[in-house]
Structures are given as C-alpha cells and as structure tokens.
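Chains as they are written, first to last, in our numbering: chain F, 0 to 275; chain G, -11 to 261.
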C-alpha cells in the first residue's frame, strides 16, 4: 500500500498535488461555519477597511465584514454550485447523448441540431442572454449554465456511444438476448463514464469561472451572500486604496481553476481522453 | 427440412445524409440463396469485401435485408412474432473474429459467459456459477479463470470464452465469423479441434465464414464461395470445390501455400493462376 502510494507520488506528481489542494479546499468548504473567525454577513461600519489583525486575519471590507470568513463561506457557493452544475449537465448530456447515439435516425438529427444551435453562440454570451431573460439570481445562473453546458457532454457521449455501438460485444449482447436498456446500462454507460468524469474535471474550472463572472457582473449571487466573484465586484471600487479586497478572492478563483485544469489535463493525458 | 434457409437475399448499405438527397447506396449482397442442414457446417469462402460478414449479420438478425427472407426452422427471423423471434435468437449464436472486441473489457469471464444465461435461464446465482464453470471447463479453461478480466487472457483463451458464451444456451446454429482468422497457427488448430468436438457432442450446425481455405476445409461439410456480393458457387462436398473450374475459385486455390517451399516459387504460382 505504502509502496504503491510512493510510486504514485513519483509518477503522478501533478495529480497528487492537485488532489491534496482540492481535498484541503473541500475540507475548509465543509468546515466553514466552524473555522470562520467571524460572521461573514455581519456589517460593522466602525471596522470598515481594516488591515490584517488577529481578529480579522485578512482584514475587513467596505462594510466592515471579515474578508477571511467571506472567502471561506464563498468557497461553499463556488465549489458547491460548480459541482451541482457539473453533475446535472453531465446527467442531461449522458441521457441525451446516449439516446441520440444509440437510437440514431431522425431523433439523433434533431437532438444534434439542437446542440449545434446552442454551440453556435459563445458560451458567456448565451449565459448572459439566458440570465437576461430569466432575471438575475443564483438559481437562474445555475439553470443558464446547465442549459449551456450539457450540449458538450451530449456531443461527446454521442460520439463515444456511436463508436461503442459498433463493437462486437454490443452485437454479441444483442444476440445473447439482452434488452436495449440492459445493453445501455451494462455495456455502454460503464464504458463512457470514466473518460467523461476526467473531462468533467476540466469543466469544473470553467463552471467556477462562469459563476464568478456572472456574480462579478451583478447577475449571479446577490448581496450580502459571500461569493468570490461578487467579492471582486464589491472590492473594485477600492482597487486603489485596498487592492487586497479584490486580490484574495481573485487568488482563490485562480487557485481552484488552475488546480482543476492541471488535474484535468494530467488525468486526460493519463487516460488518453480527447478534449472537446 | 433445412435448419436455416436464406432465400434470394439482396442488401445494400445506404448513406443518406442531411443535405445530400442523392442515393449513395452500395450493393453488398445480390440474390443470395443457401441452406444449412442440422448438424452440418457450411463454409463460406470469399475475399475481403465480398460480403461474407454482412451475410452473417443478416442471418443473425442484426441487419434486415432489403429483399429476400431468412428462414430458421421455417420461420422468417425478421417477421415472426416476438415469442418465436426470442426462441430463434436463443438458438442462433455467434463467435466473431476479434476476440478482444467481442467481450466487454469491464466484465469478468463469469459475467461474460453468464450474460445469455441471465437473459434466458432463470437460474439461481449458485446454479449459474456452476454452469459457467462447466462451460469454462468444456472449452479448456478452468474455475481459476472465472474472475479474470479480458485483458488477463490471451487471444486464444478469449476466443474460447466467446465460444463458451455461444454454446451456453445450447443453440442449434453458430455463425463463426472469421473466428479463427486472428489466431496463430497453433491456436487455430486447437480452436478448430474444439469446434469439431462441440459439433459432434451437441449436434451443432455452423456457418463458418472465412477466407482461409485450409480452415474451411478442416471443419466444413459443404462449401460456398462469395465474390462481390454474389454467391458464385455452392458445393455439396469439399471435393467439388477442388475440381471447380470457376476462375475465382481457381485463383483462390492458387493462393494456398504449398507444404514445401520448393513448390512455392513465384513464377510457378503466377503461371498457375
């Protein structure tokens, strides 16, 4: 066990390092209410724009709220909702892609033209448009992100199902009397899911960026809820006097996105998964 | 009555795309008629692209032909009612050429061989396991191989697993689609011996699709030659194949390597063909 761990440490340095960082972030996300030194939404104007101190380790913002506490609580929203978006869009993509690839014919044509339609627009523009229609708010941003992200998964799933469908073991399963549902469940999904999970790691980075971008534009998380993008938005008026208000949440976004991207790259290289 | 009858089957592959309305269909089978009797083996010879595998798929019910009928015990496999089709599917099994792509890489030998049993036989877990072990032993493997994944087997061993899966439901006809072509000479001989034994023991019928004349000769009772989608000749005995004067058959015979290298010189072979 220890030997295999050592071999892994040596050969997969990036994967191990990224996993450690992400595990650390996951722990602080879960433990935020217990480890945050202050209430993240308690306004105290007497303490506004304080430098780092024992009581406020990363200082306070323009409303006297503890920056560290807001970053810790903000991680819950950024990471939590990015995971939600990832899982839900993967789920929709899995269902649509598998049906389109396995059934083929007009159904495949209709579903794929729908994907083409969504993919014809730049992502951010489409999300902005959808949020414009649905109205600002976290729920709307999540819905918009889900509506945009699933098409990529559907496309990739379809391609994988198409190539798997031609494998002899699918024909052998049909001849063995397995139903369509059983073939999809036992032969197709288990073979397409692992590479997609690897690809999903890369997508997590994008989802975090998108949630933060929407919050920065004032369309996502609404005040006073702490969220990294929203914190950058609030801090931008103080960029000359207190640049750390933008720096800390910005660094956190960078850390998480870079970690997810590096992990995704390393895993996709390791498992030979092609990116979209 | 013949076990399997193929009547005037014609099939082509269509490639209709969204913007191209022109028909780009390619004819792969033209007016094929043949029959296989119970307990016999029909060897179907042909070069690459002759339509052998497509005919195999048509017979297995995987590719509906545009014209013609495939009758199994007198029932059309494409139009018979559901219950009869299920019964036919049980009696009609396959072993493909590529043993690796014929098994799900994420399943153990136990699950691979157990899949048809799961679908048709209502066995308890213990009974199914016992049946799978018996099948493994019948094809020359052992209980130790039960929990192994496909990558832990050699090509020959994996082909034995494919054969075990095919015989698990005690079918009447097995389509052997180039089943020994990807194996080395020793494994080819061993698998052919196994197939011959199984044929005798279970009274199986085979449709042996191959381009290897020697392999076809060693297992088949009757022979057919397919060329460019047409069944050019059908022989009731193997000797007829060797006396045929058809140019394609002559060319095929000319391609068989002589046993001694002295007789394999290039000019001799070119003159022969």
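Here a beta-carbon is modelled for each residue, glycine too, at the ideal position from N, C-alpha and C.
Using 8 Å as the threshold, is the region 199 to 213 of chain F in touch with the region 167 to 178 of chain F, meaning 3 or more CB pairs across them? no
Strictly below 9 Å CB to CB, what residues from chain G border residue 186 of chain F? Those are 92, 94, 95, listed as they occur along chain G.
Buried or exposed: where does residue 120 of chain F fall if 16 or more other Cβ atoms within 10 Å of its Cβ makes it buried? exposed
Which residues in chain F sit within 8 Å of residue 82 of chain G, going by Cβ to Cβ distance? Neighbours of residue 82 of chain G in chain F, taken as residues whose beta carbon is under 8 Å from its own, are 170, 171, 174 in chain order.
Residue burial classification, residue 275 of chain F (beta-carbon count within 10 angstroms, cutoff 16): Confidence in residue 275 of chain F is poor, its pLDDT being 47 and thus under 50, which makes the residue's placement too unreliable to answer from.
Compare the beta carbon distance of residue 99 of chain G and residue 42 of chain G with 8 Å and say whether it is the shorter of the two. no
One question on the structure: do residue 223 of chain G and residue 211 of chain G come within less than 8 Å of each other, judged by their Cβ atoms? yes
Beta-bridge partners of residue 215 of chain G, as assigned by DSSP: The bridge partners DSSP lists for residue 215 of chain G are G:218.
Would residue 74 of chain F be called buried (16 or more neighbouring beta carbons within 10 Å of its own) or exposed? Buried, by the Cβ-count rule.
Could you tell me the boundaries of the alpha helix (DSSP H) in which residue 79 of chain G lies? 70 to 79
Going by DSSP, which residues form a beta bridge with residue 60 of chain G? G:-8, G:63
List the endpoints of the continuous beta strand (DSSP E) containing residue 13 of chain G. Per DSSP, residue 13 of chain G belongs to no beta strand (DSSP E) and is neither H nor E.
Taking 8 Å as the threshold (beta carbon to beta carbon), is residue 179 of chain F in contact with chain G? No - not a single Cβ of chain G is within 8 Å of the one on residue 179 of chain F.
When the distance is taken between beta carbons, is residue 153 of chain G closer than 8 Å to residue 128 of chain G? Taking a C-beta distance under 8 Å as the contact criterion, residue 128 of chain G and residue 153 of chain G do not qualify as a contact pair.
Give the residues of chain F in contact with residue 218 of chain G, contact being defined as C-beta atoms less than 8 Å apart. Taking a Cβ-Cβ threshold of 8 Å, none of the residues of chain F is close to residue 218 of chain G; the smallest such distance is about 25 Å.
Beta-carbon within less than 6 Å of residue 167 of chain G's beta-carbon, same chain only, minus the 5 sequence neighbours each way: which residues are those? 83
Just how far apart, CA to CA, sit residue 265 of chain F and residue 138 of chain G? Roughly 27 Å separates the two Cα atoms.
Under a CB-based cut-off of 8 Å, is residue 225 of chain F close to chain G? no
Looking at the structure shown, is residue 58 of chain F part of a helix, part of a strand, or coil, going by DSSP? coil
Counting only the same chain and skipping the five closest in sequence on each side, list residues whose C-beta sits under 7 Å from that of residue 64 of chain F. Closer than 7 Å at Cβ, skipping near neighbours: 39, 40, 41, 42.
So with Cβ pairs under 8 Å, would you call residue 221 of chain F a contact of chain G? no
Which whole-angstrom value is the C-beta distance of residue 22 of chain G and residue 30 of chain G, which I expect to be below 8 Å? 7 Å
Chain G within 8 Å of residue 194 of chain F, Cβ atoms only: no
Start-end ranges of the beta strand (DSSP E) lying completely within the region 194 to 274 of chain F, minimum 3 residues: none
As an exercise, report each continuous alpha helix (DSSP H) stretch of at least 4 residues that is fully enclosed by the region 78 to 152 of chain G, in chain order. 97 to 108, 113 to 126
How would you call residue 259 of chain F, buried or exposed, if buried means at least 16 neighbouring beta carbons within 10 angstroms? buried
Going by other Cβ atoms of all chains shown within 10 Å of its Cβ, with 16 needed for buried, is residue 251 of chain F buried or exposed? By the 10 Å Cβ count, residue 251 of chain F comes out buried.
Residues in its own chain within less than 6 Å of residue 209 of chain G by CB, not counting five upstream and five downstream? The residues are 28, 29.
For residue 240 of chain G, count neighbouring C-beta atoms within 10 Å of its own C-beta (all shown protein chains included) and say buried if the count is 16 or more, exposed if not. So residue 240 of chain G counts as buried.
Give me the subset of the region 142 to 167 of chain F whose CB atoms are less than 7 Å from a CB atom of chain G, sorted by chain position. 166, 167
Does the region 114 to 128 of chain G come close enough to the region 168 to 176 of chain G to have 3 or more Cβ pairs within less than 8 Å? Too few Cβ pairs lie closer than 8 Å, so no.
Is there a C-beta anywhere in chain G that falls below 8 Å from the one on residue 189 of chain F? yes
Write down every uninterrupted run of the alpha helix (DSSP H) in the region 103 to 157 of chain F whose length is 4 residues or greater and which is fully enclosed by it, in chain order. 104 to 118, 122 to 133
Looking at the strands, I want to know which residues DSSP matches up with residue -2 of chain G. Partner(s): G:55.
Could you check whether residue 73 of chain G and residue 176 of chain F sit closer than 8 Å to each other, using their CB atoms as the reference points? no
Can you check which of these residues, F:96, F:71, F:144, is closest to residue 224 of chain F by C-alpha distance? F:71
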